[in-house]
Amino acid sequence: MDGIEQARQPLAGALCRQVDRWLAWVQRFVDGAGT
């Protein structure tokens, strides 16, 4: 169980960074389309 948790930790961090990048892209798109 501990091994699975340790393997999941960096995966969760990478997913969070991916989501942040996706949200930033969406924000740019909304800003451009909202004018």
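Our numbering puts the first residue of the sequence shown at 48, with every later residue one more than the last.
Ideal Cβ placement from N, Cα and C applies to all residues, glycine included.
Keep in mind that this is a model prediction, so the values were computed, not measured.
Q) In three-state DSSP terms, what is glycine 81? A) Locating residue 81 in the sequence shown gives position 34, where the first residue counts as 1. Note: glycine 81 maps to coil in three-state DSSP.
Can you tell me the Cα-Cα spacing of aspartate 49 and glycine 60, whole angstroms?
Position 2 of the sequence shown holds residue 49. Position 13 of the sequence shown holds residue 60. Between aspartate 49 and glycine 60, the C-alpha separation is close to 17 Å.
Rounding to the nearest angstrom, what Cα-Cα distance links glutamine 54 and alanine 71 in this structure?
Counted from its first residue, the sequence shown places residue 54 at position 7. Counted from its first residue, the sequence shown places residue 71 at position 24. Note on identity: in this sequence residue 54 is alanine, with glutamine being the wrong assignment. Spanning the two alpha carbons is a distance of roughly 27 Å.
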